[in-house]
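From first to last, the protein sequence lines are chains C and U. In terms of UniProt numbering, the first sequence opens at residue 1 and continues consecutively. In terms of UniProt numbering, the second sequence opens at residue 1 and continues consecutively. C-beta atoms are modelled at their ideal positions from N, C-alpha and C, and glycine is treated no differently. Only a predicted model underlies this, so the values are computations on that prediction, with no experimental measurement involved.
Protein chains: 2
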Amino acid sequence: MTSTINVNLPQQSYEIAIAPASLDQLGQSMANLQLGQKVVLVSNPSIFKHYGERAIASLQSAGFNVASYCLPAGERYKTLNSIQKLYDVALENRLERSSTMVALGGGVIGDMTGFAAATWLRGINVVQVPTTLLAMVDSAIGGKTGVNHPNGKNLIGAFHQPRLVLIDPEVLKTLPMREFRAGMAEVIKYGVIWDEELFTQMEASKHLNQLRYMKPELLNEILTRSCQAKADVVGKDEKEGGLRAILNYGHTIGHAIESLTGYRLVNHGEAVAIGMVAAGQIAVNLGMWQQAETDRQNAIVQKAGLPTKLPAGVDIAAIIDALQLDKKVKAGKVRFVLPTQIGVVTVTDQVPADVIQQVLQGMQ
Amino acid sequence: MTSTINVNLPQQSYEIAIAPASLDQLGQSMANLQLGQKVVLVSNPSIFKHYGERAIASLQSAGFNVASYCLPAGERYKTLNSIQKLYDVALENRLERSSTMVALGGGVIGDMTGFAAATWLRGINVVQVPTTLLAMVDSAIGGKTGVNHPNGKNLIGAFHQPRLVLIDPEVLKTLPMREFRAGMAEVIKYGVIWDEELFTQMEASKHLNQLRYMKPELLNEILTRSCQAKADVVGKDEKEGGLRAILNYGHTIGHAIESLTGYRLVNHGEAVAIGMVAAGQIAVNLGMWQQAETDRQNAIVQKAGLPTKLPAGVDIAAIIDALQLDKKVKAGKVRFVLPTQIGVVTVTDQVPADVIQQVLQGMQ
Ligand SMILES: NC(=O)c1ccc[n+]([C@@H]2O[C@H](COP(=O)([O-])OP(=O)(O)OC[C@H]3O[C@@H](n4cnc5c(N)ncnc54)[C@H](O)[C@@H]3O)[C@@H](O)[C@H]2O)c1
Ligand SMILES: NC(=O)c1ccc[n+]([C@@H]2O[C@H](COP(=O)([O-])OP(=O)(O)OC[C@H]3O[C@@H](n4cnc5c(N)ncnc54)[C@H](O)[C@@H]3O)[C@@H](O)[C@H]2O)c1
Ligand SMILES: [Zn+2]
Ligand SMILES: [Zn+2]
């Protein structure tokens, strides 16, 4: 079961290659793209322990000159300070414009490696080798890169498309269960915003909350369809001029919850799950969507082991305040992505605060 | 005497507006572009003292909400640390994607403001209001932005085109003479690489080394033709895939000299002047150019008060070593831009080290 998805962009197109054991093909796949000889592989210690050697061996046997560097694990190291470390590594290894940084890890490593590559010599190659479900279906694709400001997530960044996204589903075997579920939130998102078929496949499946209960065929469908959805949207709107905003479904309230819980209590996927439940209900209350449909969505969210209620102790007024700080605010108005049917959403900044309030109260 | 030059790019085109006293039109010009309401003006204390209030008054009277921030003056503050300060200012002022950073200053302020704008929220608007000759004819145009790494100049950066470049030649009145001359080096460069007419106008002019001896007509020609040259080249090759490399005429050896003299003894324009003299002679020694032509070039360099000899104490072997560290190195080979006639250059990585050595020895 291998699939290849093309991300078609005006300036630079690239492939998402999905295949079991493809980690061992990393070097060959990069050699096919005729990238320069020098490679810096970036990872974190726990991911590197599992997969670092295989990646390096593959790169070396394809003739690349490889150095590697591990940043400490965790979102709290997603800072400009870590980027400075990557710059130092780039300098030590005398990376040239034709050189490549390879991100072997989840979204944190992917975003940082992408940003360092975007800004070293005004842009060198980056190859994404995502190792979390979230990174595979979301963060590794589409060229958003960046780090956090001490006072706000992902405020610092650049658009920088990878030359290749290489997905080896087998690496998910070592991924902690909670991380797997977090990735499922984004997969459910694609079902609601873009791909009704993906939605109904998840609806029909008995288990969604653990990898080991999932049939390889379903996992392959999930990866392929999710990547295709992201590639479609990004291909139509690379820099978030319009359409790409739909990828923020569930993220408006999700981000507020993440930030209010200090990015610890609730992880990104869980926050997005809560945000999707809220957005679905807002759409219903505004008369744009059916209650039965949002119930179907929420059933999938629950089956994936994700929350559908607000975390205890989070203040509703604080959520509404936090919405104002969101990057998605335009001229002071909060933008919401709301479903109108399974597979179709619309973007609006016309959601009255009392509707938000009412919906959130119902989720306590 | 006003001129408007268009920089035509696939993703975003913009104007270079050259007009005396146009600083007072800054707000109106930006309003015409329908940029968002929030503006952060970035400058340094000495430039701000001269022109800050006028710029702010113009912005405010056009209805913008303006904050301003001064970074300390000097290349040694062109660091990631300064960028972090700009991020803090962006956050404090809640800049949105439609907001604008205005760079009021020379290349140092322009490069940093551009980079901060490139990477805040993955890219907000930047408007360049260059106040040095070098920034007017070179750094403000073309979207190269960035800062220095402790071990190398401009290693960190991004491409980010301005929405507008507004040039008020009158601000050059307060520019120190040595800075004016430094800018003249880039002007001479355009004459050699692109615009024979500009070259012959400089050749015909009695004075080139001080603004106050220069006729306003000549200054206008210098600004307009130089900006047009840069716009032409950038329009044909935005991201330095090929043609744009010709802008590095004089810069290969120039950069080596700057770095060996610790960016203090010799300024950028002086180093480029020396680099052009060297490149011209290399071209002659390789049989690509006439001695008489390089002598014409060198006469203009001298008339502009710029050096044509190596600074005392700089070791030739060290220059040749330093060339290897240059960003323009590709697969280990040093690239040179060499003239073949006035207004035409070629790019080559086939310059034998002994030719470089011999030419540099002749310049001691
Ligand atoms: N660029 C984008 O478009 C985009 C989109 C969504 C999210 N993001 C970013 O992605 C980040 C979240 O990414 P994430 O969810 O992948 O988290 P993560 O990168 O922090 O990884 C989660 C944890 O799993 C571990 N891990 C990763 N792969 C593993 C494996 N195969 N086996 C064992 N352990 C493994 C990591 O060490 C880490 O502790 C956030 O910073 C978010 O802002 C970016
Ligand atoms: N982005 C590009 O394409 C590009 C191209 C060339 C150079 N650069 C960069 O530009 C920088 C050099 O720029 P620069 O030569 O403009 O130097 P600069 O910005 O350091 O300015 C030189 C000095 O003049 C002062 N000054 C500026 N305008 C003045 C005015 N009108 N009146 C009085 N004083 C004034 C400044 O305070 C400073 O002390 C370097 O960092 C270089 O890397 C960038
Ligand atoms: Zn997400
Ligand atoms: Zn220059």
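Smallest Cα separation from residue i: which of the options?
i: M101 (chain U); options: U:H268, U:V42 and U:K303; result: U:V42
i: L26 (chain C); options: C:S226, C:G250, C:D168 and C:A245; result: C:D168
i: E240 (chain C); options: U:N298, U:D349, U:R97 and U:D232; result: U:R97
i: A256 (chain U); options: U:P311, U:V127, U:S99 and U:V66; result: U:P311
i: L338 (chain C); options: C:V301, C:W289, C:D354 and C:P72; result: C:W289
i: N154 (chain C); options: U:G123, U:M136 and U:D138; result: U:G123
i: S68 (chain C); options: C:A278, C:C227, C:E53 and C:A135; result: C:E53
i: V345 (chain U); options: U:E293, U:Q364, U:I356 and U:V359; result: U:E293
i: F336 (chain C); options: C:Y213, C:K38 and C:V277; result: C:V277
i: V89 (chain C); options: U:I156, U:V89, U:K38 and U:A62; result: U:I156
i: H251 (chain C); options: C:K236, C:G280 and C:L208; result: C:G280
i: P20 (chain C); options: C:T348, C:S13, C:D295 and C:T4; result: C:T4
Does residue i pass the burial test, meaning 16 or more other C-beta atoms within 10 Å, or should it be called exposed?
i: S46 (chain U); result: exposed
i: N267 (chain U); result: buried
i: L33 (chain U); result: exposed
i: V165 (chain U); result: buried
i: V171 (chain U); result: buried
i: G99 (chain C); result: According to the sequence shown, residue 99 (chain C) is Ser rather than Gly. Buried, by the Cβ-count rule.
i: Y87 (chain U); result: buried
i: P130 (chain C); result: buried
Could you tell me if the beta carbon of residue i falls within a distance shorter than 7 Å of some heavy atom in ligand 4?
i: V337 (chain U); result: no
i: D138 (chain U); result: yes
i: V272 (chain U); result: yes
i: E186 (chain U); result: yes
i: H160 (chain U); result: no
Do we get a CB-CB distance below 8 Å when we pair residue i with the residues of chain U?
i: F159 (chain C); result: yes
i: residue 365 (chain C); result: In the structure as shown, chain C begins at 1 and stops at 364. Residue 365 (chain C) is therefore absent and cannot be evaluated.
i: Y87 (chain C); result: yes
i: R122 (chain C); result: yes
i: Q84 (chain C); result: yes
i: L35 (chain C); result: no
Taking Cβ to Cβ, would you say residue i is nearer than 8 Å to residue j?
i: I342 (chain U); j: F115 (chain U); result: no
i: Q142 (chain C); j: V234 (chain C); result: For clarity, residue 142 (chain C) is Gly in the given sequence; the question names Gln instead. In this structure, V234 (chain C) lies closer than 8 Å to G142 (chain C) by Cβ.
i: I253 (chain U); j: I319 (chain U); result: yes
i: S139 (chain C); j: G191 (chain C); result: no
i: L91 (chain C); j: G152 (chain U); result: yes
i: T174 (chain C); j: H160 (chain C); result: no
i: R44 (chain U); j: G105 (chain U); result: It is worth fixing the name first, because residue 44 (chain U) is Asn in this sequence and not Arg. Yes, these two residues count as a Cβ contact at 8 Å.
i: V334 (chain C); j: L260 (chain C); result: no
i: P176 (chain C); j: V126 (chain C); result: no
Ligand 3 and residue i: does the residue's C-beta get closer than 7 Å to at least one heavy atom of that ligand?
i: E258 (chain C); result: no
i: H268 (chain C); result: yes
With a threshold of 8 Å between beta-carbons, can residue i be considered close to chain C, or not?
i: A73 (chain U); result: no
i: N151 (chain U); result: yes
i: T119 (chain U); result: yes
i: K144 (chain U); result: yes
i: L286 (chain U); result: no
i: L260 (chain U); result: no
i: I246 (chain U); result: no
i: Y77 (chain U); result: no
i: L155 (chain U); result: yes
i: R212 (chain U); result: no
i: Q128 (chain U); result: no
i: L80 (chain U); result: yes
i: L243 (chain U); result: no
Could you check if residue i belongs to the surroundings of ligand 1, using beta carbon to heavy atom distance under 7 Å?
i: S29 (chain U); result: no
i: N154 (chain C); result: yes
i: P352 (chain C); result: no
i: P169 (chain C); result: no
i: H50 (chain C); result: yes
i: K252 (chain C); result: Contrary to the premise, residue 252 (chain C) reads as Thr rather than Lys in this sequence. Not under cutoff, so the answer is no.
Mind checking whether the beta-carbon of residue i lies closer than 7 Å to any heavy atom of ligand 2?
i: G74 (chain U); result: yes
i: V347 (chain C); result: no
i: S46 (chain U); result: yes
i: T79 (chain U); result: no
i: A135 (chain U); result: yes
i: L175 (chain U); result: yes
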